[in-house]
Structure formats: structure tokens, C-alpha cells
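Notes to accompany the following structure.
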Amino acid sequence: MTHSISGQRRAENGPYSGLRGGPVVVVGAGPYGLSVAAHLRAAGVPVRVFGEVMGSWRHAMATGMFLKSTPAATDLSAPVPGGRLADFCRETGEPELTELTPIPCETFVRYGMWFTQRYVGTVESARITAMEQDGAGFCVRLEGDEEIETAAVVVATGLATLAHLPDILLSLAPGGPGLKAALSHTSQHTDLSRYAGRRVAVVGGGQSALESAALLHEAGADVEVLVRASQVRWGERPQLRRPWTRRLAQPASPLGTGWILAAVCRAPGTVRPLPAAARMQLFRRALGPSGGWWLRERVEGVVPVRTARRVEQARLAGDEVQLRLGGRGNGLAELVVDHVLAATGYRLDVDALPFLTPPVRQAVARVPGVQAPRLSGAFESSVPGLYFTGSLAAPTFGPMLRFVAGTEFAARRITERLVRQDLRR
Ligand SMILES: Cc1cc2nc3c(=O)[nH]c(=O)nc-3n(C[C@H](O)[C@H](O)[C@H](O)COP(=O)(O)OP(=O)(O)OC[C@H]3O[C@@H](n4cnc5c(N)ncnc54)[C@H](O)[C@@H]3O)c2cc1C
1 MTHSISGQRR AENGPYSGLR GGPVVVVGAG PYGLSVAAHL RAAGVPVRVF GEVMGSWRHA
61 MATGMFLKST PAATDLSAPV PGGRLADFCR ETGEPELTEL TPIPCETFVR YGMWFTQRYV
121 GTVESARITA MEQDGAGFCV RLEGDEEIET AAVVVATGLA TLAHLPDILL SLAPGGPGLK
181 AALSHTSQHT DLSRYAGRRV AVVGGGQSAL ESAALLHEAG ADVEVLVRAS QVRWGERPQL
241 RRPWTRRLAQ PASPLGTGWI LAAVCRAPGT VRPLPAAARM QLFRRALGPS GGWWLRERVE
301 GVVPVRTARR VEQARLAGDE VQLRLGGRGN GLAELVVDHV LAATGYRLDV DALPFLTPPV
361 RQAVARVPGV QAPRLSGAFE SSVPGLYFTG SLAAPTFGPM LRFVAGTEFA ARRITERLVR
421 QDLRR
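Heads up: the sequence shown begins at 1 in full-length UniProt numbering, then just goes up one per residue.
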């Protein structure tokens, strides 16, 4: 496979072609890509946006899932007032959402589409297949081999290609994990009812694991959840009216209550100058795996959850999977199931972005300890003109960037920087 994309036909990019290297290319049309594009367009910066609008929320979340975040923490960032989730509900006659209403994924997808019509305009569904440095800018190739020259690319591709599967499970899927294999990752499912009547082990202890387990159980599967930690953590039901003493001791933030979360959400820009070790501590510890408060009654006492259990060996035996379990937890030492569903999260690794050609990947400096890009205060990587936002920016700016709540900070910072570069019409 060749990675060179130079020397092919270059697409005509309108009046900007060749002037400043074409429009800014935003790769991704999820909450981050849409928010950045909305701000750039409002600032008069020419931009082309690629991806499927709210694609991850349509294809990487199982039917029946809800958002873990509360409505107030789930606004995309519009350049002018009027684009919040609550505005969408009011204008379109959707039921009002309170802090005690879990948001169905379908509602969030409809909100994203409404936001796109209002603030973004055209989004091109073509995927970006390759990107390489070309002089002072980039040459970006689309499906169908169109090429675009640009001075700036904003990568907002979310977690799509970053699914993490522990090595110990991989032998269960010699042809790769998926719906037809004995092993899959939660991001590969939209309909868990396919496992009705089958035995499924869910590996993981966070929201994805626990919500998938609830959906599997409700669909008639025989589920066991295997959690490494000694207990499952659950979020607290939001209190609509908290006494001032509680508010002082445990200030609220879009990600939950507590001084650390409040500080990193109020001023994510202050996270970046912290020493690398402190940032990593924040990244890893500020929000460990936990289940949403509203999910608890669908899991606790309903679905068997084995805590302090880790998979030590996994092997295929005919159509079955045999798991040998270790750890301090009581219970089975061996578990036999039909399928293993890995809810084992994502790895923030620039090398797992398939559209970055190897020389570009190599040129992107990383945050020590992880393979995420090291970013400037404006989300620019060590490759001038190449920006990363969303989860890949979390090791630089803290946990808020893993959530929709970080879109405002990211969209404003990136737009300010590109406007200063004077890419405006
Ligand atoms: C199971 C689960 C539940 C979550 N729940 C919440 C929650 O409740 N609240 C919250 O705030 N966050 C939640 N998150 C985190 C969530 O992923 C982010 O908050 C949000 O979706 C990130 O938006 P994004 O724009 O970075 O990426 P995504 O929403 O993942 O969007 C990625 C975009 O990139 C596009 N794309 C990918 N590759 C290409 C390519 N090669 N070319 C063109 N386009 C491409 C896709 O089509 C899509 O448009 C959850 C994550 C998971 C996995």
C-alpha cells in the first residue's frame, strides 16, 4: 500500500485555492467537529466539514442507550446564543429535559442535526482517507480520490478508530473482533438484542459495560459482568437544590461535583501548563469508570456483577469461550460463555488514526506516557496547521475534553487562532 498522495489531480477549491492553501478542513461531524465548524463559519473562515453528522452516536452506541451526562453538560458550542440543547427542545417541541432526565441518544442525534442546519450548513459525508504534508500545508484525500489543499486541518474524529481490546482477549477473534466473532468491542454494536438467549460475559466496569449489560439482560441474554476493581462506582443522583454549605464544599461542574472537577472545567487552559505528571494524574484519576445514577436500578441485584475479577486466560473451545478468572473476587474460577463483549475503553493513540500518513504521524510530538498529541494552547500539534480536538486533547487540557462539555473551550480557542492567521473571507 502506498501512502503518497502527491502528484494526483487536485480539486478546485474555489477562490481560496492556491491563495492561502484552501479552506480549513474539519475531519469529523460529531459534537467537536460541528462546534468548531460553526465558530469558523461565523468568523468568516472558509471551511469544509467531512464525516457523518453525529455518526458515532448513530453507529457506535447501542439502541436504547442514554447519555451519562446531564442536559446542562451536553450543549454543543454555537457562536451565538440559541444553540443549546434546551433551545433545541423548546423550538422543536421535544419534551423538556431536566437534570433528572437521562437523555436518549436519539434525542442527542436530532439535536446535532438541528444544530448543523442552523450553524454549520453543508457537511460532506465523504471520509478522509489520507493526509500528508505538502509544502507549508496539507494535501487531504477524500474517498473517491478528490484531493484538497489546505493550510489547516482540524482532526475531530472522536474515538471511532481508537477502541482498545486487551491482548489477552484477542485470541478469541483470529479474524478480528466483530459481531460474527466470539469477541466484540462495545463500539461495534447498535443492537444488542442479537444476543437474546445467549451467554455473554461483559468485561469492564464503566458506563459502557454496565449499560450494555442492562440492555443485554433486558433483551433476554444471560449476562455476567467482570469488573477488575473491587467495587462498582455509581454516579450520584443530581440534587436540584443543594444547601450552600454543600455547594461550597462540593462545587458543581459539568462533569460532577468537587473542587478538582470544578477547577478543570472552569479553566481547562490552566491544565496545560501543569507538569506532565500532574496532568496525567488528572487525566487518569479525575473521572474513573462509573455507572450513571439512573442505571443503577437496572443493574444492581439484577445482573450478576463479579468484582475484583480479571480474565487471566481466554480460549475458544468449539463454539464456546472458556474464560479463566483470577483476582481477589469470590465466585467462579472458570466461566463458559458464547460471546465476550469488551467494554474496555479506548486508547488515545495518534498511530491509530488511519488517515494520517506515516510521516505525519511521526512528526506529531506526543504527550509523555501516552500516544496522544502534544498540543499548543490553541490545540495545534507540533505539525504546524494540524489541530486535534475532543478526547485526543484530554491529556493536554484535562478530562472535560473527553466530553461534549469541552466543545465551547475547544471551538473558541481553535477559531481565535485560525482567525489570527487571517483565513477569513
Ligand atoms: C459509549 C459512550 C458513551 C458516551 N457518553 C457520553 C455522554 O453521555 N456525555 C458526553 O459528554 N460524552 C460522552 N461520550 C464521549 C463522547 O464520545 C464525546 O463526548 C463526543 O461524542 C465526542 O465528540 P467528537 O466530535 O470528538 O467525536 P464523535 O462524536 O465520535 O464524532 C466523530 C466524527 O468523526 C467522523 N469521522 C471519523 N473518521 C472519519 C474520517 N476518516 N473521515 C471523515 N470523518 C470521520 C465521524 O463520522 C463522526 O462524524 C461517550 C462515549 C462513548 C463511547
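Note that beta-carbon positions come from the ideal geometry of N, C-alpha and C, so glycine has one too. None of these values were measured; they are calculated from a predicted model.
In the DSSP assignment, what are the bridge partners of residue i?
{"i": "G137", "result": "D134"}
{"i": "F108", "result": "BP columns for F108 are empty, so no partner."}
{"i": "A163", "result": "Y346"}
{"i": "G326", "result": "R310"}
{"i": "A317", "result": "E320"}
{"i": "Y387", "result": "V154, E380"}
{"i": "I148", "result": "V140"}
{"i": "P373", "result": "R366"}
{"i": "V25", "result": "R48, V153"}
{"i": "R199", "result": "D222"}
{"i": "I103", "result": "DSSP output for I103 lists no bridge partner at all."}
{"i": "V305", "result": "V225"}
{"i": "residue 426", "result": "It is not possible to answer for residue 426, since the shown part of the chain is limited to 1 through 425."}
{"i": "L353", "result": "Bridge partners of L353: none, in fact."}
Using C-beta distances below 6 angstroms, list every residue in its chain close to residue i, excluding the 5 sequence neighbours before and after it, in chain order.
{"i": "residue 455", "result": "In the structure as shown, the chain starts at 1 and stops at 425, and residue 455 therefore has no counterpart that could be examined."}
{"i": "E408", "result": "S77"}
{"i": "A352", "result": "T161, L162"}
{"i": "R324", "result": "E312, Q313, E334"}
{"i": "T415", "result": "H39, L40, A43"}
{"i": "L85", "result": "P71, T74, D75, Y111"}
{"i": "A262", "result": "P251, S253"}
{"i": "K68", "result": "Q207, G292"}
{"i": "A276", "result": "P368"}
Does ligand 2 have even one heavy atom less than 7 angstroms from the beta-carbon of residue i?
{"i": "Q207", "result": "Summarising the ligand content, the structure contains ligand 1 and does not contain ligand 2."}
For residue i, is the classification buried or exposed, using 16 other Cβ atoms within 10 angstroms of its Cβ as the cut-off for buried?
{"i": "W57", "result": "buried"}
{"i": "R48", "result": "buried"}
{"i": "S253", "result": "buried"}
{"i": "V140", "result": "buried"}
{"i": "V80", "result": "exposed"}
{"i": "G55", "result": "buried"}
{"i": "Q207", "result": "buried"}
{"i": "R413", "result": "buried"}
{"i": "T70", "result": "buried"}
{"i": "G82", "result": "exposed"}
{"i": "E12", "result": "Any answer about E12 is weak, because its pLDDT of 34 lies below 50 and its placement is not dependable; what the coordinates show is given next. Its Cβ having fewer than 16 others within 10 Å, E12 is exposed."}
{"i": "V155", "result": "buried"}
{"i": "V336", "result": "exposed"}
{"i": "R246", "result": "exposed"}
{"i": "S187", "result": "buried"}
{"i": "G14", "result": "Residue confidence is low: G14 scores 36 on pLDDT, short of 50, so the model does not pin down where it sits. No coordinate-derived value is stated."}
{"i": "L248", "result": "exposed"}
{"i": "W259", "result": "exposed"}
{"i": "H59", "result": "exposed"}
{"i": "W114", "result": "buried"}
{"i": "G137", "result": "buried"}
{"i": "L19", "result": "Legend: pLDDT at L19 = 35, less than 50; position of this residue unreliable, value from coordinates given subsequently. With fewer than 16 other Cβ atoms within 10 Å, it is exposed."}
{"i": "G406", "result": "buried"}
Excluding the 5 residues preceding and the 5 following residue i in the sequence, name in chain order all residues of the same chain whose CB lies nearer than 8 angstroms to its CB.
{"i": "L172", "result": "A181, A182, L183, A314, R315, L316, V321, V340"}
{"i": "L165", "result": "P177, L183, H185, A342, T344"}
{"i": "L348", "result": "L162, V370, Q371, A372, S391, L392, A394, P395"}
{"i": "S381", "result": "V364, A365, P373, R374, L375, Y387, F388"}
So, at 7 angstroms on beta carbons, what are the nonlocal neighbours of residue i in its own chain, with the 5 sequence-adjacent residues on each side left out?
{"i": "A196", "result": "A219, G220, A221"}
{"i": "W293", "result": "W234, G235, E236, R237"}
{"i": "A126", "result": "F50, L142, E143, G144"}
{"i": "Y16", "result": "In this predicted model, Y16 has a pLDDT of only 33, less than 50, meaning its place in the structure is not dependable; the value taken from the coordinates is given anyway. Result list for Y16: G22, P23, P46, in chain order."}
{"i": "F379", "result": "Y387, F388, T389, A393, A410, R413, I414"}
{"i": "P104", "result": "F66"}
#### Entry: Inside the segment 212-297 only - beta strand (DSSP E) runs reaching at least 3 residues
222-226
### Message
My parser needs the beta strand (DSSP E) runs of 3 or more residues fully inside the segment 30-85; what are they?
### Response
47-50
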